[in-house]
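Taking it in order: structure first as structure tokens, then the write-up.
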């Protein structure tokens, strides 16, 4: 009996101990799970803190960058607007985009005065692809597409263009040249050029918006350059003919020679001598020169330039005029000018013409061109 009670007590005690050990084990497991969960939470919090610190650092750097750009941009605008030549402006545009976006591969194309062609003026980091002289027709390739449409071309959006547009772009594109961004320089509806960026750094902020802003400022600056040129021409205007005077010959001829090199287009330089412009009666001489100049201004193209270089001489600069064109021009002048009359019925009379053709791509100096023109033989009209 006593032994049975002892065995029952021990069995009960064992059962109690077993239950307590099971409960303890469960509590220990829950504690371990809780500790593991807390460790995971701590690790996550640590990562969150590190990410927050990194984000905060990025924000600080971004704020500083925008603050620096906000301070820098007005200075860049001042530099762009202070440019006095197209070449100087192109270099400043490339420098501005480099400082604003960090892009090191930039090309600047400027439009000719007719707005139909874009000539490569300045490149950075693209010398192995783009070489001068390089001319792009408006509408051709990615550069010409931006110029024609007035829209910013983006390489990433190329796949959204129609199949017809894509094929046209690929067919007329500059070989091996596909810009990430190409923005037209437009001011008051006039095209002044296109700025292209290639391989824009991934960390660059708002490159499209900054390119658009710089392109707009560049267009305004280019308009100022052209206006300045017109004012300079007007300041040296011949009062008898309304044409620029001799002092404008070398600067204007230099610009046209540069256009020959850059735009791969010929130039004809024509010297016209009106004998009655040198007669002793200065009143009638001025009248005859005025009649001739008015006829020239009415018949020449808007891209042509006439300059009065002496009492009886006018020099004509005819961009894009080659062998066939110059024959037509000289024959027409020799036929038409002698027949012109003043109010009294006196005809303009005998005229003489000599000319020089500068082939596309040539890089002659102004002095060399004028010297070569002096050696040419005059063609004379029959006279009346």
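Numbering (our numbering), first residue to last: 1100 to 1483.
Heads up, the beta-carbon is just placed ideally off N, CA and C, and yes, glycines get one too.
Sub-8 Å separation of residue 1241 and residue 1282 beta-carbons: The residue labelled residue 1241 in the question sits at position 142 within the chain shown. The residue labelled residue 1282 in the question sits at position 183 within the chain shown. No, Cβ-Cβ distance for residue 1241 and residue 1282 is not below 8 Å.
Distance between residue 1314 and residue 1308 (C-alpha atoms, nearest Å): What you label residue 1308 is simply residue 209 of the chain shown in a count that begins at 1. What you label residue 1314 is simply residue 215 of the chain shown in a count that begins at 1. Approximately 10 Å between the Cα atoms of the pair.
Let me check one thing: in DSSP terms, what residues is residue 1216 bridge-paired to? Residue 1216 sits at position 117 when you count from the first residue of the chain shown. According to DSSP, which records beta bridges pairwise, residue 1216 is partnered with 1236.
Can you list, in chain order, the residues of its chain with a C-beta nearer than 7 Å to that of residue 1355? Leave out the 5 residues immediately preceding and following it. On the chain shown, position 256 is the one that residue 1355 refers to. Same-chain partners within the cutoff: 1366, 1416, 1418.
Going along the chain, which unbroken runs of the beta strand (DSSP E) with 3 or more residues stay wholly within the segment 1327-1378? 1366-1373
Given a cut-off of 8 Å on the beta-carbon distance, is the pair residue 1214 and residue 1311 in contact? Within the chain shown, the letter at position 115 stands for residue 1214. Within the chain shown, the letter at position 212 stands for residue 1311. No, they are not a contact pair.
Exposed or buried, which one is residue 1343 when buried takes at least 16 other CB atoms within 10 Å? For the purposes of this step, residue 1343 is taken as residue 244 along the chain shown, with counting starting at 1. With 16 or more other Cβ atoms within 10 Å, it is buried.
Contact under 8 Å by Cβ, residue 1297 with residue 1275: Start at 1 with the first residue of the chain shown, and residue 1297 comes out as number 198. Start at 1 with the first residue of the chain shown, and residue 1275 comes out as number 176. No, Cβ-Cβ distance for residue 1297 and residue 1275 is not below 8 Å.
Could you tell me which of 1398, 1466, 1180, 1207 sits nearest to residue 1232, measuring between CA atoms? By 1-based counting over the chain shown, the position of residue 1232 is 133. Residue 1207 is the option with its Cα nearest to residue 1232.
Coil, strand or helix - residue 1483 by DSSP: For the purposes of this step, residue 1483 is identified with residue 384 of the chain shown, where counting begins at 1. In this prediction, residue 1483 has a pLDDT of 49, which is less than 50 and means its spatial position is unreliable; what the coordinates show is noted afterwards. Reduced to three states, the DSSP call for residue 1483 is coil.
Please state if the CB of residue 1227 and the CB of residue 1204 are separated by a distance shorter than 8 Å. Counted from its first residue, the chain shown places residue 1204 at position 105. Counted from its first residue, the chain shown places residue 1227 at position 128. Result no, Cβ atoms of residue 1204 and residue 1227 do not sit closer than 8 Å.
Helix, strand or coil for residue 1148, going by three-state DSSP, please let me know. Here residue 1148 corresponds to residue number 49 of the chain shown, with the count starting at 1. If DSSP states are grouped into helix, strand and coil, residue 1148 belongs with the helices.
Nearest to residue 1303 by CA position, among 1197, 1142, 1413, is which residue? Translated into positions along the chain shown, residue 1303 becomes position 204. Checking every option, the nearest Cα to that of residue 1303 belongs to 1197.
Find out if the Cβ-Cβ distance for the pair residue 1257, residue 1265 is shorter than 8 Å. For the purposes of this step, residue 1257 is taken as residue 158 along the chain shown, with counting starting at 1. For the purposes of this step, residue 1265 is taken as residue 166 along the chain shown, with counting starting at 1. Yes, Cβ-Cβ distance for residue 1257 and residue 1265 is below 8 Å.
Can you check the segment 1250-1317 for any alpha helix (DSSP H) of at least 4 residues that lies completely inside it and give the ranges in chain order? 1262-1271
Count the CB pairs spanning the segment 1469-1476 and the segment 1389-1398 that are closer than 8 Å, and state whether there are at least three. no
If I follow the unbroken beta strand (DSSP E) through residue 1405, where does it start and stop? Taking the first residue of the chain shown as 1, we reach residue 1405 at position 306. Bounds of the beta strand (DSSP E) holding residue 1405 are 1404-1409.
Going along the chain, which residues of its own chain have a beta-carbon closer than 7 Å to the beta-carbon of residue 1174, five neighbours each way excluded? Position 75 of the chain shown holds residue 1174. There are no such residues.
Backbone CA spacing between residue 1386 and residue 1430 [nearest angstrom]: What you label residue 1386 is simply residue 287 of the chain shown in a count that begins at 1. What you label residue 1430 is simply residue 331 of the chain shown in a count that begins at 1. Whole-angstrom Cα-Cα distance: 23 Å.
Tell me where the beta strand (DSSP E) around residue 1183 begins and ends. Numbered from 1 along the chain shown, position 84 holds the residue referred to as residue 1183. Taken as a continuous stretch (DSSP letters only), residue 1183 belongs to no beta strand (DSSP E), as it is neither H nor E.
Proximity below 8 Å, CB of residue 1391 to CB of residue 1373: By one-based count along the chain shown, residue 1391 stands at place 292. By one-based count along the chain shown, residue 1373 stands at place 274. A Cβ-Cβ contact shorter than 8 Å links residue 1391 with residue 1373.
Pop quiz: residue 1277 and residue 1254 are said to be a contact at Cβ under 8 Å. What is the actual Cβ separation, rounded to whole angstroms? Within the chain shown, the letter at position 178 stands for residue 1277. Within the chain shown, the letter at position 155 stands for residue 1254. Going by Cβ atoms, the distance from residue 1277 to residue 1254 rounds to 6 Å, so yes, they are a contact pair.
Keeping to the same chain, check which residues put their C-beta closer than 7 Å to that of residue 1363; ignore five residues upstream and five downstream. Residue mapping note: residue 1363 aligns to position 264 of the chain shown, counting from 1. The residues are 1232, 1234, 1459, 1460.
Kindly give me the distance between the Cβ atoms of residue 1368 and residue 1472, rounded to whole angstroms, as I take these residues to be in contact under 8 Å. Counting from one through the chain shown, the residue named residue 1368 turns up at place 269. Counting from one through the chain shown, the residue named residue 1472 turns up at place 373. Contact between residue 1368 and residue 1472 holds: CB atoms are separated by about 6 Å, below the 8 Å threshold.
Residue interval of the alpha helix (DSSP H) (run including residue 1230): As a first step, residue 1230 must be located in the chain shown, where it is residue number 131. Per DSSP, residue 1230 belongs to no alpha helix (DSSP H) and is neither H nor E.
Comparing C-alpha positions only, which one of 1284, 1238, 1252 sits nearest to residue 1270? Taking the first residue of the chain shown as position 1, residue 1270 is located at position 171. Residue 1238 holds the alpha-carbon nearest to the alpha-carbon of residue 1270 among 1284, 1238, 1252.
Would the beta-carbon of residue 1179 fall within 8 Å of that of residue 1316? Translated into positions along the chain shown, residue 1179 becomes position 80. Translated into positions along the chain shown, residue 1316 becomes position 217. For residue 1179 and residue 1316, yes; Cβs fall inside 8 Å.
Tell me whether residue 1417 sits in a helix, a strand or coil according to DSSP, three-state version. Here residue 1417 refers to the residue found at position 318 of the chain shown. Strand, per DSSP.
With 16 as the cutoff for other CB atoms within 10 Å, does residue 1380 come out buried or exposed? Counted from its first residue, the chain shown places residue 1380 at position 281. Exposed.
By alpha-carbon positions, which one of 1186, 1427, 1322, 1449 ends up nearest to residue 1357? The residue given as residue 1357 occupies position 258 in the chain shown. For residue 1357, the nearest C-alpha among the options comes from 1186.
Where residue 1121 falls: helix, strand or coil (DSSP): Translated into the one-based positions of the chain shown, residue 1121 becomes position 22. In the structure shown, residue 1121 sits in a helix (DSSP, three-state: H, G or I).
Who are residue 1454's beta bridge partners in DSSP? If you number the chain shown from 1, residue 1454 lands on position 355. BP columns for residue 1454 point to 1369.
N-terminal and C-terminal residue of the alpha helix (DSSP H) that residue 1465 is part of: By 1-based counting over the chain shown, the position of residue 1465 is 366. Here the alpha helix (DSSP H) through residue 1465 covers 1465-1473.
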